[in-house]
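Asker: Chains A and B, in that order, are what the protein sequence lines are.
Residue numbering for the first sequence follows my numbering, beginning at 38 and increasing consecutively.
Residue numbering for the second sequence follows my numbering, beginning at -15 and increasing consecutively.
Heads up, the beta-carbon is just placed ideally off N, CA and C, and yes, glycines get one too.
Model, not experiment: these values are computed from the prediction.
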Amino acid sequence: MSDPTAPSPSASAETTTAVAATSAVAAAAAPAVAPPKVVVPPKPTPAKPADKGPSRRFFLLSWFGSWFAVAWVAFSASMLAMVLGTVRFLFPNVLSEPPTSFRAGEATGYEENKVDDKFKEQGAWVIRAKDERNRDIIYALSTICTHLGCTPNWLESEKKFKCPCHGSGFKISGINFEGPAPRPLERYAIKKNDDGTLVIDKSRKFQKELGQWDDADSYILV
Amino acid sequence: MDSHAHGLSSSVQNGLGGFYLVCALMNFGFAAYFHFQAKNRTQVAIWGAVGALFALMSVAYFGHFGWSLSHGIKDFVDRIMNPVSYFAISILALAAVLYFRRFFTNPIVAWSVLMITLFCSGFAMTDPNFTAIITKPDNVPIVILIFSVGYFTWLALRLAVINDDRIARGEPPMEKLEEDKVLTWPDLVYTELICMVVFTFALVVWAYFLKAPLEQPASSAKIPNPSKAPWYFLGLQEMLVYFDPWMAGVVLPTFIIIGLIALPYIDFNTKGNGYYCFNERKFAITTFLLGFIILWVVLIVLGTFLRGPNWNFFGLFEPWDPHKSLPLNNVNLSDYFWLYGFGKSVGSMHWLIRELPGILLVLGYLLLLPPILAKTILRDYFIKMGFIRFFLLVTLIQFMALLPIKMVLRWTINLKYIVFIPEAFFNI
Ligand code: FES
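1) May I have the straight-line CA-CA distance separating GLY435 of chain B from ALA111 of chain A, to the nearest angstrom?
2) Which stretch, first to last residue, makes up the alpha helix (DSSP H) that contains ALA114 of chain A?
3) Just checking ALA216 of chain A against the ligand FES - is the residue's beta carbon closer than 7 angstroms to any of the ligand's heavy atoms?
4) Threshold first: 3 residues or longer. Then list the beta strand (DSSP E) segments lying entirely within the stretch 120 to 186 of chain A, N to C.
5) When the cut-off is 8 angstroms and only beta carbons count, does GLY206 of chain A lie next to chain B?
6) Just checking: is the beta-carbon of PHE214 of chain A within a distance shorter than 8 angstroms of some beta-carbon in chain B?
7) Indicate, with yes or no, if the ligand FES has a heavy atom lying under 7 angstroms from the CB of SER69 of chain B.
8) Using a Cβ-Cβ cut-off of less than 9 angstroms, give me the residues of the stretch 204 to 233 of chain B that come near chain A, in sequence order.
9) Within the same chain, show all residues whose beta-carbon is closer than 7 angstroms to that of LEU345 of chain B, passing over the 5 residues directly before and after it, in chain order.
10) Determine, using beta carbons only, whether VAL225 of chain B and PRO217 of chain A come nearer to each other than 8 angstroms.
11) Give me the residue from B:LEU353, B:SER204, B:LEU141 with the minimum Cα distance to ALA94 of chain B.
12) Output needed for LEU5 of chain B: all residues of its chain with C-beta closer than 6 angstroms, excluding positions within five of it in sequence on either side, in chain order.
13) Identify the continuous alpha helix (DSSP H) that holds LEU98 of chain B and give its terminal residues.
14) When we look at the beta-carbon of GLN(-3) of chain B and count the other beta-carbons within 10 Å, is it buried (16 or more) or exposed?
15) Is LEU220 of chain B near the ligand FES, with its Cβ less than 7 angstroms from a heavy atom?
16) Given a threshold of 16 other Cβ atoms within 10 Å of its Cβ, counted over all protein chains shown, does ASN314 of chain B qualify as buried or as exposed?
17) Exposed or buried, which one is HIS203 of chain A when buried takes at least 16 other CB atoms within 10 Å?
18) At what residues does the alpha helix (DSSP H) containing LEU78 of chain B begin and finish?
19) Closer than 7 angstroms to a non-hydrogen atom of the ligand FES - does that hold for the CB of CYS200 of chain A?
20) Just mark MET223 of chain B as buried or exposed, buried being the case when its beta carbon has 16 or more other beta carbons within 10 Å.
21) Let me know the secondary structure DSSP gives TYR256 of chain A once reduced to three states.
22) For CYS261 of chain B, count the other beta carbons within 10 Å of its own beta carbon; 16 or more makes it buried, fewer makes it exposed. Which is it?
23) Alpha carbon to alpha carbon, what distance is there between TRP190 of chain B and CYS179 of chain B?
24) Could you check which residue in B:GLY(-1), B:PHE60, B:ALA22, B:MET65 has the C-alpha nearest to that of PHE297 of chain B?
25) Check distances from the C-beta atoms of the stretch 297 to 328 of chain B to those of chain D and list, in chain order, the residues that come in under 7 angstroms.
26) Taking 7 angstroms as the line, does the beta carbon of HIS203 of chain A fall inside it for any heavy atom of the ligand FES?
27) Helix, strand or coil: which one does DSSP assign to TRP304 of chain B?
28) Per the DSSP calculation, TRP191 of chain A is bridged to which residue(s)?
29) Once DSSP output is grouped into helix, strand and coil, what is the label at THR379 of chain B?
30) Output the distance between the C-alpha atoms of LEU235 of chain A and SER138 of chain A, rounded to the nearest integer angstrom.
Next up, the structure:
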């Protein structure tokens, strides 16, 4: 600022700065209440034709030093901080999502036609039963009802899964037979480790209506 | 009279004593009205006697030797109750009230109906299952809803009948006699102030006595059985029993909202504006009451009181047994058509061929029915309303009718979906 040149741009410079400041504030505060529109009245520039430097400096100082500017800067800064803070929430330090795969014990530990709720918390029922081709298989059924996503219950005495939300029923195979559920429960990928334990991978799903239950990863033979 | 055989707890006895006492006082009040205002001796005698009867019941229950409902009656009620009879009775009741509105809007008839209802509910409350359900804090608003919807429907019909008579005699409706203007201050402001105080007080009392129904922490593994939506969504939840979530959760609610918004534009009837009436707006009022009372309120009541574990239907007095098992095997239309009709398995068919009968049926319903109606029974409407308004009206009513149609099909032939394309998440 040691080389002052134009005498008049003070007013225009002032307005552009003001506009820029207001729009920045508006952008930052977009989700919140729109800030009141502020019209900055052009301030009379102290006319000192002989020495332009100090006047310009004085103007800038006076503008930035006014309470008005302080208020706006503080406001924009807090709004910006708020937005950034909100954005920060999208990236939590800890992901509480459980791992998508889990171990389900030894394959030999499963009795035929028994459903136990041991892994319901993890989102699957691991079941050993005969499939349509009469093979003895172990498979993992998702606990998400295919109607609207409630968690059905296994009713041992009736040998069926029954959803408490709208009454859909599924056979032990996961096939829907009553109520509004339009398709069978989904299977998760299952595999046997070398040591004989089962690993269920919830990131891969197999849907019967798409013919995916024939996929060798959707069951294991006993 | 087997009071202690069923062991009515003393809190139930006291509660019923209080309940019948309130009923008795109501009747004495009604009798007093006839004595001082209407000067009708017969009515005074009748309602005095009814009040005395209630007072007697009250004394009996306060003395802890009140009666409880016999098993025979409970079993009978449970046996005749199922979704079909429940809906049939609701629709018949609404039809009867509308048809015999002159009879039902008579205050004495209405009072008798109310007293019979209260008398029966008192008896019903001797059943622990029934009491447990209706006094659950969640469900108390629904009890209030039943009575308030009943009362306001009755009130509107009563004013309508009075106005209909006036119009028939060539007089203006009552509303036209009132002054056009009411002062904001003090009339409106005072009314608002009083409402505010009364409602605040009532809510505080309510909040104090009926605790917020909080349950265990939410978990995807342990969910309450039955899992019920908030009461105002129970109608939607009941629709979900018959439809795919996409239909019941998105399409039909959208049509409800669009329909309500479109009502003023569809309505071409210039009469009946600004006053109660029935004769001048038979179609509009009947359609509205069908939609609101039968397809919304009745569904909420059904969802609240009659849907138990696993979303099974339970009679009023039936214990909620989570192992109750009803045969509900449902069959798709494609199965009916191809499997039972032609003996072909649908497993290997392309979905378009498999679902062709259903798709044609739905298209026919939506596209052919409106012109047919326009040519035949709704001809007058079509001429009066013009093309767009008529088709909008018929389409809206068709979507409204989908629910009862689907219900009846489910009950009669266990139909699951008319169009069933799980490959594309599209089911009707
Ligand atoms: S969510 Fe399971 S039946 Fe609707």
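Answerer: In brief:
1) The question about residue 435 of chain B has no answer here: the residues shown for chain B are numbered -15 through 412.
2) 104 to 126
3) Residue 216 of chain A is actually Gly in this sequence, not Ala. True, at least one ligand heavy atom lies under 7 angstroms from that Cβ.
4) 138 to 143, 161 to 167, 173 to 179
5) yes
6) yes
7) no
8) SER204, ALA205, LYS206, ILE207, PRO208, ASN209, PRO210, SER211, LYS212, ALA213, GLN221, GLU222, LEU224, VAL225, TYR226, PHE227, ASP228, PRO229, ALA232, GLY233
9) ILE402
10) yes
11) B:LEU141
12) SER42
13) 91 to 108
14) buried
15) no
16) buried
17) buried
18) 67 to 83
19) yes
20) buried
21) coil
22) buried
23) 16 angstroms
24) B:MET65
25) Judged by its chain identifiers, the structure shown contains no chain D, and its protein chains are A and B.
26) yes
27) coil
28) A:PHE198
29) helix
30) 10 angstroms
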